[in-house]
Each structure stands twice: as structure tokens, then as C-alpha cells.
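Start counting the sequence shown at 211; every next residue gets the next number (the working numbering). Glycine included, every Cβ here is placed at the ideal spot set by N, Cα and C.
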Amino acid sequence: MSTAAFVTCDLLDDHPELELQVVTPCLDGKFFKSYGARKTFGGQIVTVKCFEDNSRVKELLATDGTGKVLVVDGGASMRCALMGDLIAESAVKNHWNGVIIYGCVRDVDAIAELDLGVHALAAIPQKSNRKGVGEVDIALCFGGVTFNSGDYVYADNNGIVVSKIVLVA
């Protein structure tokens, strides 16, 4: 999938017949914020669930991510980051369109310079543990939305939209 320009508002307006899901903008007082240089991004979803352990995030972003967005359920932990600049650089090198993290990132000034879409709840300087724990390609539920590997996600400064089908070619 290309990263053609789109606006999530327009995707919703243009496809009223589809059951598109919209992530709730505020989750327990936490808001998704854009951290990457790429402010509009989308692609096929790859999911990973990991709590305070970014081993699987690092492994996945080191693989070919052409046309893909990694969606990470970090349990909204505010104790450590699940991605920093080195892992984000790996994502860019491996052609990922973006990363959405239900948790924290770090090295935000460096990430802001990378051609990568990044949405996360917050920034924290503490790195995560690496114990090799995490589940890949499972259904994730947060923000009132279910994310499934193989579905599609679109994100911009207006929010995050999930679709069962490609909306932007």
C-alpha cells in the first residue's frame, strides 16, 4: 500500500456504508499523540501484545514492513517505553509505514526526525525490560476498537481509523 495523502475525517465521510472503527481519543485521561515526522500514515496491521517488554516490537520492526503498521498493546503502561530511536530507525530501514503504541515511547526528539508515523500515549525516558515476552498476530482491544492483523489502520492528527478493507491505494 502506498502512503498516499488522506484525511481520516474524509475516509469516514466517504465510506458511510462501511463499519469503520474510530479509536476513542481519550483513554483514562491519556491521549494518543503523534511523535514521528510522518504525520499521516496507514497500512496493513500487524499486532503485538507486550507489557513492559519490547522484545517482540524490536524483532518485528527488524523485518520487512512494506505497507504495514505495527499496532502494539502495551497495556497503557506509563512505567517504560516500548520503542526508542534505535528501534524506530530499524522500522524506517525496513520500510514500515508506522507504529501505534498503547503505551510509551522515548528518544522523542530523534523519533520526530524520522520518516515514520508514530502514535503513542506518552513519552518516558525509562527503557523496557527484554525478556522475550509478547504475543504476535492476536486481536488487540483498546480505545473501543479491535485491531486484527491483516486489517487496515489509518492515522493522522485527527485520530485513528480501522477498516477491514483497503481504503487508500
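With residue i and residue j assumed to form a contact (beta carbons below 8 Å), what rounded beta-carbon distance in angstroms separates them?
i    : j    : result
V282 : C260 : 7 Å
G246 : L331 : Actually they are not in contact, since the Cβ atoms of G246 and L331 sit about 14 Å apart, beyond 8 Å.
C290 : S338 : 4 Å
V258 : E345 : 7 Å
G285 : G313 : 7 Å
A365 : I311 : No, A365 and I311 are not in contact; Cβ-Cβ is about 12 Å, not under 8 Å.
L326 : R248 : 6 Å
T276 : V371 : About 21 Å separates the two Cβ atoms, so there is no contact after all.
L292 : N264 : 4 Å
Please state whether DSSP places residue i in a helix, a strand or coil.
i    : result
K337 : strand
L331 : strand
D223 : helix
T257 : strand
T162 : Missing from the structure shown is residue 162; the chain here goes from 211 to 379 and no further.
M211 : At M211 the pLDDT is 42, less than 50, meaning the model places this residue with poor confidence; the figure from the coordinates comes in the next sentence. DSSP places M211 in coil when its eight states are reduced to three.
Determine the burial state of residue i: buried for a count of at least 16 other Cβ atoms within 10 Å of its Cβ, exposed for fewer.
i    : result
L221 : buried
N367 : exposed
G253 : buried
R340 : exposed
K374 : exposed
L270 : buried
H329 : buried
R319 : At residue 319 the sequence reads Asp, which differs from the Arg that was named. The residue in question, D319, is exposed, as its Cβ has fewer than 16 Cβ neighbours within 10 Å.
D347 : exposed
L385 : There is no way to answer for residue 385, as the model of the chain reaches only from 211 to 379.
S212 : For S212, the predicted structure reports a pLDDT of 45, less than 50, and the residue's modelled location is therefore unreliable. A value from the coordinates is still provided. Its Cβ having fewer than 16 others within 10 Å, S212 is exposed.
G239 : exposed
F380 : Here the chain comprises residues numbered 211 to 379, so residue 380 is not present and cannot be evaluated.
T250 : buried
D224 : exposed
When DSSP builds the beta bridges, which residues end up paired with residue i?
i    : result
I370 : A365
F251 : A365
E345 : K259
F241 : C236
L350 : F357
Strictly under 7 Å for the Cβ-Cβ distance: is residue i near chain D by that measure?
i    : result
I370 : Absence of chain D from the displayed structure is noted, only one protein chain being present.
> Going along the chain, which unbroken runs of the beta strand (DSSP E) with 3 or more residues stay wholly within the stretch 265-326?
Replying inline: Runs of the beta strand (DSSP E) inside the stretch 265-326: 278-283, 291-293, 308-315.
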